[in-house]
Amino acid sequence: MLDRIIMQRIPLPFAVLMLFACAALAESGEDAWLRYARLDPHVASRYASMPTALVTLGHSSVSRSGQTELLRGIQGMLGRTLRIDIGAPTGPAIIAGTVEQVRALDASFDPPGNLQADGFALISTRIKGQEALIITGGTDRAVLYGAFALLRKIAQAEGISALNEAQVPSVPVRWVNQWDNLDGSIERGYAGQSIFFENRRVRPNLARAAEYARLLASVGINGCNVNNVNADLHILDSDFIAQLARIADVFRPYGVKLGVAVNVSMPKQVGRLDTFDPLDPKVAEWWNGKFDEVYRQIPDFGGVVVKADSEGQLGPSLYGRNPAEAANVIARALKPHGGIVFYRAFVYDHHLDWNNLKADRARAAYDIFHPLDGQFDDNVIVQIKHGPIDFQVREPVSPLLGGLQKTNEAIELQITQEYTGQQRHTVFLIPMWKEVLDFDMAVNGQNTPVKDIITGRSFHRPLGGYVGVANVGLSTNWLANQLALANLYGFGRLAWNPDLTAQAIADEWTKLTFGNDRAVVKAITNIQLGSWPAYESYTGPLGLQTLTNITGPHYGPAPESQEHNGWGQWIRAGHDGVGMDRTVATGTGFVGQYSPTVQKIYEPLANTPDNIVLFFHHVPYTYRLHSGKTVIQTIYDSHYEGAEETGEFVKEWQLLKGRVDDGRYEELLAQLEYQAGHAIVWRDAVDDWFHQMSGVDDQKGRVGRHPNRVEAEAMELRGYRVFEPTSWEGASGGKGVACSAEMTTCSAQTKFDGAAGLYEVDIEYFDLSSGTSKFKVLVNNHVADEWRADMLLPGNEPSADSSVRHRTKGLTLHPGDVICIEGTPDRAERAPLDYIEVLPLQR
Ligand code: GCW
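Take the sequence shown: its position 737, counting from 1, is numbered 768 in the working numbering, and each next residue is one higher.
As structure tokens, this is what we get:
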């Protein structure tokens, strides 16, 4: 009723505007970069002469997807409904069909470029004398890719009146992996439960899976392994194959092939054989039978990924066999059906001896796989993580990428941000991947950048490509951070064309996701491009790797956890120096796995770039880098700079208020504010740890000294008790306070002794998963702010993982005012506090 009254009073044009405003409010990120938001009328008018009829020549489900997409996109962006025509056009038309199909209409049709496989072309021409906008390619899937490309142009307000372009993907294999478990959880997934599985079954409703396939196809991704590489033994049980077929059914209309992860021990563990020895004929027979069964139900099944002899997974080593033998037995069973095996090179011993200075996890992949070059069948692809360790914030390129010349290779990149802030931090990874892809391995003294090796161009390999570990989940916007979706988008775009720049990808994604407002595009691109350098600076600069809690959730800072264990992510920090000596001369010899040209960069300390130096060399803290600064001062400065830069992202984002829809604005503001606070946790934990380890003071006097900070343990406490976190650097000053078990409310207070003025007060507290505590800030007994500790963070104890900053802005304080933090615990979460920091209000 009320709505009606309001509507009646508002003149119609305004009412329409309000409807649009409401639509803008509703954006959740679910449509990702396929929003097809209505273009401004003056921009839309540029497309006035575009044909209004659509002729789709193909009849497959993929062709139908292309047609639906064009209708939907044009309707959304231009408000026009295309007319569907059949057969030869009788007037201007958009014609979508393979080259062969278009030629059947007009034999003289001659598209540009060499349109093999997934390559497509967009051409403005005439067919049978009629004006035509042709979307064509070698296959129906290529035509679908062309449709998406055309829509992408319109969304970015690009001209389409005189098109004559062809695009061919750089590689045939452009896959994603999901690490989904059958119970619905996702290993290293940070965006909710699986879109494929729940309760050990394929979900009855696969609508999200179908939407995912659409997103993937829109950037040219053509395959998806749906389950965790730590593979469930039952993924290919007969009754499960029928369920997997339902996923294949929703992938098929988008040209996305289904794949699964298998465990090499299946023939024995679920197949009831007495062995899984890959050279035993019974085992070969078992795999043959299994894939016959799979292809009967899923005729276009793509293939499998294998993780073996790694992190507790069984493997061929049990029988003295090697990865090539394990891969080939499966590959031969797939071969008659056209399937492929991705065999992961992520094989290493996680019980290395820390005391052995020659032990080196980085060596493992090359040591194991290089001797097998030439022994893998043609439908095997060795899937190689981009660095020799494990998706760290910076690693050198894996030497194995240059170490196989007679083997198909795929590079594995991680879209899910396991070691890069788990999507609670914004980290745009494209610039990092670009550095890897452009790195020249100089194999045989030739120019052999990684991107050319994986295309197969360098060594004339028939297969090869990209695998991105995506781990999207049921979270409305797929990755739980609106900006993180740029990594999935960029992965697909780079796999298609690795020569695209990071800037171009960021611009393009932003326009599609947030619209063409220049200020918005500039600010978001700026944040994205600055985010990886900032993250590297406040986590692990100089090639130290991420310095995160590697025996725990891989999230917050915990430099100590790198050392003294078998995982081999060592930084070998002592009192005199830091870094791992991987040289041939005095170290582990890892450098020797590169070509002579690359060895010349990393073997001599003097040649090694600063940003990776500690990955290769152990040096004194006082060693002067190329920059002229000492190692230790660089560590200190870099952490301060990274944290500060992250604070700038918040300010930059705030300038967009009113320019992006309120829903996404507020969501991202909260994310960036959290990140800026957590960057300070990182800064302090790592700098304090190195300060203690090195005994060298910060020349700028910041480390260990925080003049505006009052530690909770130094406040006047009621009911709160002091505790020490498991890792001392996990709390400022090595201590925090937690409300005693018998108390229902606790407080910590301090007297303000600064000058009268306007301030902001940062309250650093710990948010555990075991409860939802409440906090209040009181000034002279008046409540100034209150909030709930309801974030979902890893870990269940107060630590750098769970440390969160709450900022209370605009407090007027006078000398002598009493600032009190009141904590109301909830169950096991005892409203833990770390410190408060009182800062002059930043305007
Ligand atoms: O990065 C590590 C992860 C594991 C993962 C493994 C892998 C699927 O911590 O969770 O297991 O890599 O890539 O196999």
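Note that CB positions come from ideal geometry on N, CA and C, so glycine has one too.
Annotated three-state conformation of Y790 is strand, per DSSP. Taking C-beta separations shorter than 7 Å and ignoring five residues to either side along the sequence, the partners of D384 in its chain run A390, following chain order. If you ignore the 5 residues before and after G623, its C-beta comes within less than 6 Å of the C-beta of V615, all in its own chain and listed in chain order.
Only exposed fits Q685, as fewer than 16 other CB atoms lie within 10 angstroms of its CB. The criterion of a C-beta distance shorter than 7 Å is not satisfied by H417 and L388. K660 carries a coil assignment under DSSP once its states are collapsed to helix, strand and coil. Counting C-beta pairs with one atom in each stretch, the segment 197-205 and the segment 550-561 have fewer than three that are closer than 8 Å, which means they do not touch. Around S92, the same chain offers R283 and P284 as residues with beta carbons nearer than 7 Å, after the five sequence neighbours per side are excluded. Under the Cβ criterion (8 Å, minimum of three pairs), the segment 807-815 does not count as touching the segment 740-759. Between the alpha carbons of P120 and P367 lies a gap of roughly 41 Å. Here DSSP, grouped into helix, strand and coil, assigns Q730 to coil. A direct Cα-Cα distance of roughly 41 Å separates G150 from L573. The residues H670, G673, A674, A710, W713 and R714, in chain order, have a CB closer than 6 Å to that of Y569 in the same chain once the five nearest residues on each side in sequence are set aside. Of the heavy atoms belonging to the ligand GCW, at least one sits nearer than 6 Å to the Cβ of R219. Remark: the C-beta of W713 is outside contact range of the ligand GCW, defined as less than 6 Å to any heavy atom.
A Cβ-Cβ distance of about 7 Å is found for the pair T438 and G405, placing them in contact under the 8 Å criterion.
Not one heavy atom of the ligand GCW is found less than 6 Å from the C-beta of N502. With a 10 Å radius around the Cβ and a threshold of 16 neighbouring Cβ atoms, P627 comes out exposed. CA-to-CA, the gap between E760 and I266 works out to about 43 Å. The alpha helix (DSSP H) runs of length 4 or more contained entirely in the segment 400-481 are, from start to end of the chain, 461-469. About 6 Å separates the CB atoms of E342 and H381; that is less than 8 Å, so the two are in contact.
Across the set L85, G118, R183 and V250, the C-alpha of R183 shows the shortest separation from the C-alpha of G546.
If you compare the alpha carbons of G290, D340, N359 and Y350 with that of E316, the shortest gap goes to N359. As summarised for the segment 738-767, the continuous beta strand (DSSP E) elements at least 3 residues long and confined to that stretch are 740-742, 747-749 and 751-754, given in chain order. Between the ligand GCW and the CB of D421, the shortest heavy atom gap is smaller than 6 Å. Looking at the DSSP output, E189 shares a beta bridge with no other residue. In this structure, DSSP gives V681 a helical state, which the three-state scheme calls helix. The C-beta distance from E704 to V681 rounds to 6 Å, short enough to fall under 8 Å. Judged by DSSP secondary structure, L864 falls within the beta strand (DSSP E) whose first and last residues are L864 to P871. When the five nearest sequence neighbours on each side are left out, the beta carbons in the same chain lying within less than 6 Å of the beta carbon of Y78 are those of L109, in order along the chain.
When C-alpha distances from A124 are compared across R690, L365, R655 and Q98, the shortest belongs to Q98.
Runs of the beta strand (DSSP E) spanning 3 or more residues and lying entirely within the segment 812-841 occur at 813-819, in chain order. Contact annotation: Y350 and D308 have beta-carbon atoms nearer than 7 Å.
With 16 or more other Cβ atoms inside 10 Å of its own Cβ, S94 counts as buried. Taking the Cβ of V336 as the reference point, every heavy atom of the ligand GCW lies at 6 Å or farther away. By the Cβ criterion, the segment 819-827 is in contact with the segment 574-586, since at least three pairs of Cβ atoms, one from each stretch, lie closer than 8 Å.
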